[in-house]
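Asks: This structure is in structure tokens; I'll ask about it shortly.
There are 2 protein chains.
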Amino acid sequence: MTNDHIVRRKLSDEVFDRLAGMITSGEIGTGETLPSERVLMERFGVGRPAIREAMQALANLGLIQISHGERAKVREITARSLVRQVDLAAQLLLNASPTNLDHLKQARRFFERGMVRSAAEQATPEDIVQLRDALAAQRREIGNVPAFIRADMLFHRQITRISGNPIFEAVSEAMLSWLQAHRTDLLIWPGNEEVTLREHAEIIDRIAAHDAEGAEAAMVRHLDRSADLYGPRPTAG
Amino acid sequence: MTNDHIVRRKLSDEVFDRLAGMITSGEIGTGETLPSERVLMERFGVGRPAIREAMQALANLGLIQISHGERAKVREITARSLVRQVDLAAQLLLNASPTNLDHLKQARRFFERGMVRSAAEQATPEDIVQLRDALAAQRREIGNVPAFIRADMLFHRQITRISGNPIFEAVSEAMLSWLQAHRTDLLIWPGNEEVTLREHAEIIDRIAAHDAEGAEAAMVRHLDRSADLYGPRPTAG
DNA sequence: TAGGTATACTGATCATACCAGTTCGCGTCA
DNA sequence: TGACGCGAACTGGTATGATCAGTATACCTA
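As they're listed, the protein sequences go chains Z and D. Under the working numbering, the first residue of the first sequence is numbered 1, with each subsequent residue one higher. Under the working numbering, the first residue of the second sequence is numbered 238, with each subsequent residue one higher.
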């Protein structure tokens with residue numbers, strides 16, 4: 001039996017902590033550069049592998065950016081960089097089982113329902129203008145399927161933006177990109193663009209009228225329609 | 238001007254892809270072991286650093302587990318392992334600015350509101366029994382602050398569990414642990430346990446009655462109370 | 001002064017050696 | 001004969017040094 005509790009920390013973990021501390025404490029601000037690997041190994045009194053492993057880990061977290069030939073730069077952490085960090089693993093998770101995909105679709109429905117309701121409650125006239133602009137931009141992309149889908153995603157993100165919370169924006173963006181990668185929901189064929197645009201327009205109208213219930217209902221109809229096109233899958237909740 | 242598009246992929250990235258492919262394709266199933274580093278470097282015709290960097294990255298993603306002396310084991314990807322992956326970065330993000338903390342609190346309110354509404358709509362009698370059990374378990378922990386908080390978190394997670402969606406469970410668990418680390422919301426002092434328990438009880442009653450509106454209102458009151466205790470902070474939405 | 005090139009710096013990769021855990025079989029002893 | 005224990009042969013972890021390959025900069029030239 002191994003001692004699961006007594007984990008011997010690797011050397012690179014210590015280095016990781018020290019570097020992370022230098023960054024989070026502000027000693028090295030956003031955009032500034034870290035010392036070179038060779039300098040760090042001398043300062044910390046460790047070998048180069050320890051430094052490199054720690055810095056790779058920091059790069060994987062999105063805290064720093066490493067480029068060949070340049071010194072590592074400190075990057076800003078945002079909600080978006082957080083979801084980007086998890087992007088690959090999320091794809092793998094979705095590929096692992098179709099059940100996971102169903103769960104994500106359900107999560108998205110949950111998210112969009114609440115989001116549009118919140119938007120209806122607190123949308124300002126400027127928000128409405130932006131939504132209508134996004135809708136018009138999407139209409140201009142009819143015929144260009146990839147651009148139309150991009151505009152579609154932008155519309156939904158615009159709704160989350162009304163909340164003023166970047167976490168919601170990042171979550172919306174991530175969910176949509178994951179679903180898109182699996183060619184499900186949110187997929188638009190030629191011929192269906194008008195339906196999509198009409199539904200979006202109604203959602204905007206409900207938001208503009210501060211009709212939370214109506215906006216939520218319109219959003220649910222919108223999401224269910226695209227889901228139904230892939231066969232009637234009885235989704236819970 | 239650097240060519241942002243023409244990024245020269247690192248060798249370890251290629252190795253990473255091949256290893257990730259071996260895992261996701263099922264060639265190496267969950268629980269099985271990867272070949273040793275020395276075997277892999279020979280098979281792929283690369284040096285040990287390339288293998289190590291790739292495997293460290295896989296470990297950071299939570300795809301494999303590396304232990305000194307043993308061969309790397311493939312781990313199952315779950316929604317929970319996904320959030321664990323961003324756990325550290327999330328902490329840093331929250332520490333970076335109090336605004337981020339507000340955003341997270343808002344996200345949690347959003348999440349719990351919708352979740353309890355969904356729970357009220359689809360809760361089965363067994364779900365209600367489990368909720369009441371969780372409440373009783375929490376009552377038994379009065380006097381033991383850490384255990385009481387743990388039980389509190391478990392109660393909220395229990396609500397998400399009704400959805401049957403592991404993503405919701407993982408999100409709930411993550412949000413609560415992040416907020417707890419910042420000693421905000423959800424924090425209970427001695428003397429307030431009874432209030433918390435009473436509010437939880439009412440939430441359960443509303444869920445049992447399939448009263449979505451009432452359950453949501455009760456949950457909002459519950460969350461706002463603990464928030465107010467930290468000073469009246471006008472949160473949007 | 002503008003341009004380009006040489007040089008010194010950076011990270012990327014490799015080879016090798018050695019340290020430090022884990023596993024497992026072989027030999028010893030009861 | 002069986003159980004114990006020790007060690008050999010794995011495993012990953014770390015250090016060192018060399019070399020390759022990008023980048024930035026200072027210097028020199030036109």
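For every residue, glycine included, the Cβ atom is placed at its ideal position computed from N, Cα and C. Computed from a predicted structure; not experimentally measured.
What residues from chain D crowd round residue 24/Z, counting only those whose CB sits closer than 7 Å?
Replies: Numbered from 1 along the first sequence, position 24 holds the residue referred to as residue 24/Z. Result: 329, 332.
Asks: Could you tell me if residue 408/D is buried or exposed, where buried requires 16 or more neighbouring beta carbons within 10 angstroms of its beta carbon?
Replies: In the second sequence, residue 408/D corresponds to position 171, counting from 1. The residue is buried, with at least 16 neighbouring Cβ atoms inside 10 Å.
Asks: Nearest-angstrom Cα distance between residue 205/Z and residue 110/Z?
Replies: The residue labelled residue 205/Z in the question sits at position 205 within the first sequence. The residue labelled residue 110/Z in the question sits at position 110 within the first sequence. Taking the straight line from one Cα to the other gives about 21 Å.
Asks: Could you tell me if the beta carbon of residue 299/D falls within a distance shorter than 8 Å of some heavy atom in the ligand HEM?
Replies: This structure lacks the ligand HEM; in fact it carries no ligand of any kind.
Asks: Taking Cβ-Cβ distances shorter than 7 Å, what residues in chain Z pair up with residue 403/D?
Replies: To locate residue 403/D, count along the second sequence from 1; it is residue 166. In chain order: 103.
Asks: Roughly how many angstroms lie between the CA atoms of residue 363/D and residue 462/D, to the nearest whole one?
Replies: Counting from 1 along the second sequence, the entry for residue 363/D is found at position 126. Counting from 1 along the second sequence, the entry for residue 462/D is found at position 225. One C-alpha to the other measures close to 29 Å.
Asks: Note the first and the last residue of the continuous alpha helix (DSSP H) segment covering residue 447/D.
Replies: Counting from 1 along the second sequence, the entry for residue 447/D is found at position 210. First-last for residue 447/D: undefined, no H or E at that position.
Asks: Note down, in chain order, each residue of its chain lying with its Cβ closer than 6 Å to the Cβ of residue 59/Z, except the 5 sequence neighbours on either side.
Replies: As a first step, residue 59/Z is located in the first sequence; it is residue number 59 there, counting from the start. If we look at residue 59/Z and ignore the five residues flanking it on each side, its Cβ neighbours are 66.
Asks: Could you tell me which of 330/D, 279/D, 309/D, 294/D sits nearest to residue 88/Z, measuring between CA atoms?
Replies: For the purposes of this step, residue 88/Z is identified with residue 88 of the first sequence, where counting begins at 1. Selected option, being the one with the closest Cα: 294/D.
Asks: Between residue 319/D and the rest of its own chain, which residues show a CB-CB distance below 8 Å, the 5 nearest in sequence each way excluded?
Replies: Here the question's residue 319/D lines up with position 82 in the second sequence. The residues are 299, 407.
Asks: Just to confirm before moving on: does the CB-CB distance between residue 103/Z and residue 316/D stay below 9 Å?
Replies: Locating residue 103/Z in the first sequence gives position 103, counting from the first residue. Locating residue 316/D in the second sequence gives position 79, counting from the first residue. Cβ distance < 9 Å, so residue 103/Z and residue 316/D count as in contact.
Asks: Can you find a C-beta in chain Z that's less than 9 Å from the C-beta of residue 305/D?
Replies: Mapped onto the second sequence, residue 305/D falls at position 68. Taking Cβ atoms only, chain Z reaches closer than 9 Å to residue 305/D, which makes this a yes.
Asks: Indicate the three-state DSSP secondary structure (helix, strand or coil) for residue 10/Z in the structure shown.
Replies: Working through the first sequence from its first residue, we reach residue 10/Z at position 10. Coil at residue 10/Z, not helix or strand.
Asks: So if DSSP puts residue 64/Z in a beta bridge, which residue, or which two residues, is it bridged to?
Replies: Translated into positions along the first sequence, residue 64/Z becomes position 64. In DSSP, residue 64/Z forms a bridge with 74/Z.
Asks: State buried or exposed for residue 114/Z, treating a residue as buried only when at least 16 other CB atoms are found within 10 Å of its CB.
Replies: Sequence index remark: in the first sequence, residue 114/Z carries index 114 (1-based). Buried, because 16 or more other Cβ atoms sit within 10 Å of the Cβ of residue 114/Z.
Asks: For residue 273/Z, return the contacting residues in chain D, with the cut-off set at a CB-CB distance below 7 Å.
Replies: In this structure chain Z extends from 1 to 237, so residue 273/Z is not present and cannot be described.
Asks: Could you tell me if residue 446/D is buried or exposed, where buried requires 16 or more neighbouring beta carbons within 10 angstroms of its beta carbon?
Replies: The residue labelled residue 446/D in the question sits at position 209 within the second sequence. By the 10 Å Cβ count, residue 446/D comes out exposed.
Asks: Quick check for students: name the residue ranges of the alpha helix (DSSP H) that lie wholly in the segment 358–423 of chain D, counting only runs of 4 or more.
Replies: Correct list: 362–377, 382–398, 403–418.
Asks: Opposite residue 33/Z in the DSSP bridges: which residues?
Replies: Your numbering for residue 33/Z matches position 33 in the first sequence. Paired residues: 73/Z.
Asks: For a contact meaning CB atoms closer than 8 Å, what does residue 228/D contact in chain Z?
Replies: Residue 228/D is absent from the model: chain D starts at 238 and stops at 474.
Asks: Measuring CB atoms only, is the segment 159–179 of chain Z touching the segment 116–123 of chain Z, in the sense that at least three cross pairs come out at less than 8 Å?
Replies: Contact between the segment 159–179 of chain Z and the segment 116–123 of chain Z is present, because at least three Cβ pairs lie under 8 Å.
Asks: When the Cβ atoms of the segment 262–272 of chain D are set against those of the segment 32–43 of chain Z, are three or more pairs found closer than 8 Å?
Replies: The segment 262–272 of chain D is not in contact with the segment 32–43 of chain Z.
Asks: Nearest CA to the CA of residue 90/Z: which residue from 53/Z, 179/Z, 218/Z, 191/Z?
Replies: In the first sequence, counting from the first residue as 1, residue 90/Z sits at position 90. For residue 90/Z, the nearest C-alpha among the options comes from 179/Z.
Asks: When you compare the CB of residue 115/Z with every CB in chain D, is at least one pair closer than 9 Å?
Replies: The count along the first sequence starts at 1 and reaches residue 115/Z at position 115. Interface residue, yes.
Asks: Buried or exposed for residue 418/D, please, with buried defined as at least 16 other CB atoms from any protein chain shown within 10 angstroms of its CB.
Replies: Translated into positions along the second sequence, residue 418/D becomes position 181. Per the 10 Å Cβ criterion, exposed.
Asks: Restricting to Cα atoms, I'd like to know which of 30/Z, 22/Z, 105/Z, 217/Z is closest to residue 44/Z.
Replies: Looking up residue 44/Z in the first sequence gives position 44. Of the candidates 30/Z, 22/Z, 105/Z, 217/Z, the one whose C-alpha sits nearest the C-alpha of residue 44/Z is 22/Z.
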